[in-house]
Structures are given as C-alpha cells and as structure tokens.
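See below for the structure under consideration.
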Amino acid sequence: GQQLNQSPQSMFIQEGEDVSMNCTSSSIFNTWLWYKQDPGEGPVLLIALYKAGELTSNGRLTAQFGITRKDSFLNISASIPSDVGIYFCAGQINTGNQFYFGTGTSLTVIP
Amino acid sequence: SQTIHQWPATLVQPVGSPLSLECTVEGTSNPNLYWYRQAAGRGLQLLFYSVGIGQISSEVPQNLSASRPQDRQFILSSKKLLLSDSGFYLCAWSPPRNTEAFFGQGTRLTVV
C-alpha cells in the first residue's frame, strides 16, 4: 500500500505555542484529510482538502493541500491542553479508492 | 445525521477462540465500509473495505475475514484468534462519493 510520511513523530510544547506538522507522499493524492485521535477513541475528522493549494481553517486549525499534491500540513495556533492527542493525515489517490494513513504525530501540551 | 456504531468496546479473548466484531451505520445508504487495525496507538492499517453488499476487498493476508451481509452492516471475524491479533480495531464509513471517512469508537481486543 501507499506510505505517508508524517513528521514530527511527537511534539512536546508549552500551552499557547503554535504547532506545525506535515505529511508527505511519493504519490499524488486527490484528497487530504486530517484527523485527531484521543486515547481509546476513534479518530475524528478535523479538516478535509480537495484541491491543490487549498488552504482551509477550522477554528485554531489550518491545513493546506500542497501544490505538488504530494504533501499537506496542519497548523494549530495558540495550543491548549485539550489539543493533546495523536494527529493523523490521510490521503486518497482517486475518489472511490481507499484512504491511506500516516503514522501519526503525538502532541503533548504542557500547561 | 449519520452515525456509526461499533461493538463491543473492549474484548478479552483466549487464543484459538473465534471473533466477531460488528459495525453498523445509520442515516446513509450504500456507504463504503472499512476495517482498520491500530497497534500500539499509532498507524492505522487497512484490513478490509467494502463498496457494497457481499463485496469485500482485503488489503493484507491475515487470520481475519470480513463480511457485509446488509448494506450498512460490516462484520470482522476470525475462526481462531492468535496473540498477534491483539490491537485496536476501528470501523469506518464514507459516503458513496468517498471523499471523507468517519470512524467508530473502536474495539480494544486483547488475545490472551
């Protein structure tokens, strides 16, 4: 299957700091998705991106679909303790195909 | 609105015993359905996906099987569990246009 490389693997930040994480692929994707997973729960969809160059915000979260269609990033501004969790990127090569997931970025916010 | 139900939430099973995990979706028709496994809290591995009743695609050879007896029901099974089958199993669905996937709450399976 396709491999999505997500970085960093883990982050430890102070409350109030901004966070940036990214996801890259060797293949071109038509869709990029970003999820957050709390311990013991299923991932929850945060942002969906459908066009190259697209920049989308959801509250303090901003994500962009890379121009090359092989990467995406997620930014979190002014982090708060409830941002703690694992963030996953996911991509879809063609509509109707399965979703491939990155290995996740574990975020810890220190109050 | 659409909802996805997955059960049980946790399961402890002995090696060699059978397995049946069930997932149902409400509020939509003809969804695409997926089973993922997550080991050690990281990395979602796609196990099976289905685009319709009786249509199952397997991503990796394993000790598990999947079935879709009804449009909005997806079942993950095993005849004999192995220790390596332990993990967090997630069911997901996507609309027929298949541009976003939504997950259930997951089942924590421990094989002892």
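Chains as they are written, first to last, in the working numbering: chain A, 32 to 142; chain B, 7 to 118.
Virtual Cβ for every residue (Gly too), placed ideally from N, Cα, C.
query	result
Own chain, CB closer than 8 Å to A/Ala83, minus 5 neighbours either side, in chain order	Phe96, Gly97, Ile98, Thr99, Arg100
Contact residues within the region 73-98 of chain A, judged by C-beta distance below 8 Å to chain B	Gly73, Pro74, Val75, Leu76, Ala79, Tyr81
Partner residues on chain A for B/Arg48, Cβ-Cβ distance less than 8 Å	Ile117, Thr134, Gly135, Ser137
With 16 other Cβ atoms within 10 Å as the buried cut-off, status of A/Lys67	buried
C-beta atoms of B/Ala98 and B/Phe109 nearer than 7 Å	yes
Buried versus exposed, by CB contacts within 10 Å (16 or more), A/Phe43	exposed
Alpha carbon of B/Gln19 to alpha carbon of B/Leu88, nearest angstrom	10 Å
CB-CB length for B/Arg74 against B/Glu32, believed under 8 Å	Going by Cβ atoms, the distance from B/Arg74 to B/Glu32 rounds to 16 Å, so no, they are not a contact pair.
Completely contained alpha helix (DSSP H) runs for the region 40-117 of chain A, where each covers 4 or more residues	none
Where A/Thr55 meets chain B, residues with beta-carbon distance less than 7 Å	Neighbours of A/Thr55 on chain B: none; closest Cβ ~16 Å, over 7 Å.
Residue burial classification, A/Leu86 (beta-carbon count within 10 angstroms, cutoff 16)	exposed
Residue interval of the beta strand (DSSP E) (run including B/Arg43)	38-45
Spatially closest choice to B/Thr34 from B/Ser71, B/Gly93, B/Ile10, B/Phe94, by CA coordinates	B/Ile10
Within 7 Å of chain A by C-beta, residues of the region 75-107 of chain B in sequence order	Leu96, Arg103, Asn104, Thr105, Glu106, Ala107
Residue environment, B/Pro37, which counts as buried when at least 16 other CB atoms sit within 10 Å	buried
Residues near A/Phe132 in its chain [Cβ-Cβ closer than 6 Å; skip 5 each side]	Phe119, Ala121
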